[in-house]
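Working notes for the structure below.
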Amino acid sequence: KLDYKSPKLLGLFITERGKIIPRRITGNCALHQRALTTAVKRARTLALIPFTATHA
C-alpha cells in the first residue's frame, strides 16, 4: 500500500535529484500516479523526504 508515511517505498518513484518519476516510465495508471504524487508531496511537507537532492 502506497502511503506518505513510507519514505523507502516512495523513494522508488523519485529520481536521485528528488523529482517524481513520470508515469510513462513507472507504468502507473493515472489514478495511481496521482495518488503517488499526492503522497510524495505530503511526505515532503512533513519532512519525511527531502525536496531536493543533498549536495555532497
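For my numbering, add 1 to where a residue sits in the sequence shown, where the first one is 1.
Beta carbons are placed, not taken as given, at the ideal position from N, Cα and C, and that holds for glycine.
Open item on the list: Let me check understanding here. Comparing Cα to Cα, which of Lys20, Ile26, Arg24 lies closest to Thr55?
Closed with: Here residue 55 refers to the residue found at position 54 of the sequence shown. Ranking Lys20, Ile26, Arg24 by Cα distance to Thr55 puts Lys20 first.
Open item on the list: Quick check: what's the CA-CA separation for Arg43 versus Cys30?
Closed with: For the purposes of this step, residue 43 is taken as the residue at position 42 of the sequence shown. For the purposes of this step, residue 30 is taken as the residue at position 29 of the sequence shown. Rounded to whole angstroms, Arg43 to Cys30 spans 20 Å at the Cα level.
Open item on the list: How far does the alpha helix (DSSP H) with Thr38 in it extend, from its first residue to its last?
Closed with: In the sequence shown, residue 38 corresponds to position 37, counting from 1. Here the alpha helix (DSSP H) through Thr38 covers 31-46.
Open item on the list: Cutting at 7 Å between CB atoms, please list the residues of its own chain near Phe52, excluding the five before and the five after it.
Closed with: For the purposes of this step, residue 52 is taken as the residue at position 51 of the sequence shown. Gly19, Arg45.
Task: Which residues DSSP lists as bridging Ile15, in chain order - done: Your numbering for residue 15 matches position 14 in the sequence shown. Bridge partners of Ile15: Ile21.
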